[in-house]
Amino acid sequence: MTIMVLMISADTQAAGNAFIIEELEFKNTQVADIIRVLSEDAKVNIVATPEAGKKEVTIFLKKIALEDALRAICRISELWYRQDEGGPGTYRLMTKDQYSQDLMLGQDDNIKVFQLLTPNILAIAMTIQNLYAPRVRVSFNPVMGSRWAI
Numbered sequence: 651m652t653i654m655v656l657m658i659s660a661d662t663q664a665a666g667n668a669f670i671i672e673e674l675e676f677k678n679t680q681v682a683d684i685i686r687v688l689s690e691d692a693k694v695n696i697v698a699t700p701e702a703g704k705k706e707v708t709i710f711l712k713k714i715a716l717e718d719a720l721r722a723i724c725r726i727s728e729l730w731y732r733q734d735e736g737g738p739g740t741y742r743l744m745t746k747d748q749y750s751q752d753l754m755l756g757q758d759d760n761i762k763v764f765q766l767l768t769p770n771i772l773a774i775a776m777t778i779q780n781l782y783a784p785r786v787r788v789s790f791n792p793v794m795g796s797r798w799a800i
């Protein structure tokens, strides 16, 4: 049995372009069906992997931003989501394993291997940290001597 209620107020676009949902209710509904409704009403792209889309959710929310609603749906169904960069971005819902695989190596990533002769480990570590600051932190491990962890 599927029951769906989605109420949107006239002022759905609040400051900061947050799409506010007045009331959202789904009972025993697949994630794929929920995100279709949310995507159409919020006029944003929301996709789910086949495994994520098959999860069933029962949820009731009031006066909530779209991203907070997606976060709640993911939490109760053991899913993860990402918002692609650039513009409003596409929300992608996936399982935990798919999310961790996506973090390690994205589809758009290019991998190049360089052989370094007599490398300066400290300079390499700091360069990697500077390039990928949000995802990388360099730390010195005094127990291991002069080894660096990236």
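Heads up: take any position in the sequence shown, counting from 1, add 650, and you land on the numbering used here. Ideal Cβ placement from N, Cα and C applies to all residues, glycine included. Note that the coordinates shown come from a computational prediction; the quantities given were computed from them, not determined experimentally.
Item: So, with DSSP's three-state summary, where would you put Thr708?; Value: strand
Item: What does a CB cutoff of less than 7 Å around Trp730 pick up in its chain, not counting 5 residues either side in sequence?; Value: Cys724, Met744, Lys746 and Tyr749
Item: Need the endpoints of the alpha helix (DSSP H) that Arg721 sits in, please.; Value: Leu716 to Ile726
Item: In angstroms with no decimal places, state the Cα-to-Cα distance between Asp718 and Arg787.; Value: 28 Å
Item: Determine the contact status of Val707 and Val687, defining contact as a CB-CB distance below 8 Å.; Value: no
Item: Within 10 angstroms of the Cβ of Tyr741, are there 16 or more other Cβ atoms? Answer buried if so, exposed if not.; Value: buried
Item: Between Ile685, Asp691, Ile709 and Asp752, which has its C-alpha nearest Ala698's C-alpha?; Value: Ile685
Item: Please classify Ile696 as buried or exposed, where buried requires at least 16 neighbouring CB atoms within 10 angstroms.; Value: buried
Item: Rounded to whole angstroms, what's the CA-CA distance from Ile714 to Arg785? Just pull it up for me.; Value: 29 Å
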